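A short write-up of the structure that comes next.
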């Protein structure tokens, strides 16, 4: 596979995201987790693929040797900024978070959080004694 102008090996059965990571290229994600099946819902991992119109989620597209992929082109950066801006729209950071990937990506892509508080207030579900679910801190992936 050609990834950002360099040829990289494709691990058997790997996605573009996994191939990029194995080659040392960072593609940002929010919803991807190795213990869960990929679904591409956050859209932060969008990439360009030669010969295919539009942008594609790297976490769900199978990699193969014939692909030519760009992970950080101006259209990809613009799409990521847009997705991050949408994610911040109704978002409030969860309590007790030491690391917040959405805010880290917002800083990386120079996307300012909204000046005003979210327009709607999301509930916090504390009905379970073991799990606290803060829907305002959810990016709805």
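In the numbering used here, the protein residues as written are 218 to 358.
C-beta: ideal position from N, C-alpha, C; glycine also.
It should be emphasised that the depicted structure is a prediction, and the values quoted were computed from it without experimental measurement.
- Give the single residue among 255, 290, 291 whose Cα lies nearest to the Cα of residue 274. 255
- Task: Starting from residue 300, follow the alpha helix (DSSP H) in both directions and report where the run begins and ends.
- Result: 291-306
- Item | Check whether residue 301 and residue 282 have beta carbons under 8 angstroms apart | no
- Message: Under DSSP, the alpha helix (DSSP H) around residue 272 begins and ends at which residues?
- Response: That residue, residue 272, is in no alpha helix (DSSP H); its beta strand (DSSP E) goes 272-274.
- Query: Given residue 219, which residues of its chain have a CB within under 6 angstroms of its CB, disregarding the five upstream and five downstream residues?
  - Reply: 285
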